[in-house]
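Residue numbers (this note's numbering), protein chains in the order written: chain X, 27 to 160; chain P, 27 to 160; chain G, 27 to 160.
Here's the structure we're looking at; comments come further down.
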């Protein structure tokens with residue numbers, strides 16, 4: 027018997043294809059790649075929180091957290107965070123924002139891999155996460 | 027005692043290096059990055075199913091499925107699908123094909139991350155998957 | 027109660043942001059993206075093992091292994107290895123080095139995905155790994 031469940035926070039738009047924003051099965055929770063889209067507004071095209079790295083990074087992290095929390099997890103449970111940036115010049119600033127965001131994190135920070143890829147026009151960052159719950 | 031086993035579907039060529047097309051240990055099954063190569067023909071260089079996104083995407087998904095099934099799993103068990111495309115202009119068409127392919131999927135669709143990377147010449151898509159079995 | 031622990035080999039520099047070089051929770055161990063930096067020297071900026079693919083690949087693999095071992099695991103436990111290269115022309119040489127490195131590996135080799143991305147200037151390869159312990 028499978029207990030695999032889709033996780034769809036109320037703030038999130040319907041995914042643009044047949045995938046879930048997050049999935050949990052047993053104590054494993056996988057968050058799909060999140061970008062800096064603002065909370066969904068019915069009838070409107072998803073829009074990023076802004077053109078800059080700071081607002082997109084903070085919104086992306088908020089979107090990952092929404093999925094974690096909807097699935098019964100939190101940052102403390104996250105094992106791996108994958109950060110996709112479009113520009114190596116953004117590394118230092120992203121790290122600053124990342125460190126501010128996680129300043130109060132309790133327990134061991136997640137592992138992380140950061141690579142530089144292409145993303146849809148206007149998007150500067152995408153993040154996904156793997157969590158293992160207690 | 028480890029029960030980690032390599033998964034090598036009969037349709038697949040020997041990997042070009044010391045890695046496995048899939049690995050299962052306990053209830054975790056990881057599928058290596060698959061591309062749109064047609065089933066292996068002894069003595070012939072692996073060839074993609076065609077030059078276009080549609081045939082490569084369908085063949086890639088078929089190759090992922092072969093590994094899942096050889097390992098005793100199916101799409102229903104997949105938690106995460108990573109899609110690597112070479113061109114952001116392919117996103118909409120890939121989603122169409124993806125949705126057709128998964129139209130009959132039962133249960134929660136897997137989470138997914140799509141990023142745009144470089145791939146060997148002629149290849150337009152690569153996909154890997156993480157499954158958690160019951 | 028969480029048993030999630032950070033893994034920081036003595037050879038490794040402090041990560042440049044609030045993440046861990048590795049994390050273990052229960053039988054899951056995630057190694058963060060490693061690059062070809064030589065063992066840390068206090069007060070010095072991290073430096074790659076050399077400008078070439080061979081020395082960077084071997085050092086990167088050594089760095090992944092350090093994290094695995096510090097976390098109580100080894101290559102035999104690794105399910106998935108993600109290889110990020112900057113140049114498709116490096117695929118064949120990387121595979122040669124990879125095969126030499128894993129020549130004595132016992133048990134099923136890990137699954138692997140190789141994609142071509144951007145990395146910080148001077149770095150040719152990055153590798154992360156997911157292990158499932160017995």
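Glycine included, each C-beta is placed from N, C-alpha and C at the ideal position.
From the options, pick the residue whose C-alpha is nearest to that of residue i; which is it?
{"i": "residue 78/P", "options": "37/P, 120/P, 68/P, 58/P", "result": "120/P"}
{"i": "residue 147/P", "options": "53/G, 72/G, 115/G, 151/G", "result": "115/G"}
{"i": "residue 125/G", "options": "124/P, 44/P, 29/P, 110/P", "result": "44/P"}
{"i": "residue 14/G", "options": "141/G, 38/G, 80/G", "result": "This structure does not reach residue 14/G, given that chain G is present from 27 up to 160, and the question cannot be answered."}
{"i": "residue 102/X", "options": "123/X, 117/X, 75/X, 131/X", "result": "131/X"}
{"i": "residue 127/G", "options": "80/G, 142/G, 106/G", "result": "80/G"}
{"i": "residue 160/G", "options": "90/G, 123/G, 104/G", "result": "104/G"}
{"i": "residue 91/X", "options": "143/X, 52/X, 42/X, 56/X", "result": "56/X"}
{"i": "residue 7/P", "options": "88/P, 53/P, 54/P, 71/P", "result": "Outside the shown range of chain P (27 to 160) lies residue 7/P, about which nothing can therefore be said."}
{"i": "residue 54/P", "options": "129/P, 144/P, 69/P, 29/P", "result": "29/P"}
{"i": "residue 72/P", "options": "42/P, 144/P, 52/P", "result": "42/P"}
Any idea if residue i is buried or exposed, counting beta-carbon neighbours within 10 angstroms, 16 or more meaning buried?
{"i": "residue 67/P", "result": "exposed"}
{"i": "residue 85/G", "result": "buried"}
{"i": "residue 140/G", "result": "buried"}
{"i": "residue 59/X", "result": "buried"}
{"i": "residue 40/X", "result": "exposed"}
{"i": "residue 97/P", "result": "buried"}
{"i": "residue 155/G", "result": "buried"}
{"i": "residue 83/G", "result": "buried"}
{"i": "residue 75/X", "result": "buried"}
{"i": "residue 99/P", "result": "buried"}
{"i": "residue 118/G", "result": "exposed"}
{"i": "residue 157/X", "result": "buried"}
Helix or strand or just coil, what does DSSP make of residue i?
{"i": "residue 86/P", "result": "helix"}
{"i": "residue 30/P", "result": "coil"}
{"i": "residue 160/X", "result": "coil"}
{"i": "residue 150/P", "result": "coil"}
{"i": "residue 43/X", "result": "coil"}
{"i": "residue 36/X", "result": "coil"}
{"i": "residue 59/G", "result": "strand"}
{"i": "residue 52/X", "result": "coil"}
Output, in chain order, the set of chain B residues within a Cβ distance shorter than 7 Å of residue i.
{"i": "residue 52/X", "result": "Among the chains of the structure shown, chain B does not appear; the protein chains present are X, P and G."}
Exercise. Touching or not, the stretch 47 to 61 of chain P and the stretch 31 to 38 of chain P, by the rule of three or more beta carbon pairs under 8 Å?
Worked result: yes
For this session: Taking 8 Å as the threshold, find out whether the stretch 61 to 75 of chain P comes into contact with the stretch 131 to 148 of chain X through three or more Cβ pairs.
Result: no
Exercise. Can we say the stretch 105 to 112 of chain P touches the stretch 140 to 159 of chain P, given the rule of at least three CB pairs closer than 8 Å?
Worked result: yes
Exercise. Residue ranges of each alpha helix (DSSP H) run of no fewer than 4 residues wholly in the stretch 61 to 117 of chain X, ordered along the chain?
Worked result: 79 to 96
Exercise. What runs of the beta strand (DSSP E), each 3 residues or longer, lie entirely inside the stretch 114 to 142 of chain P?
Worked result: 137 to 142
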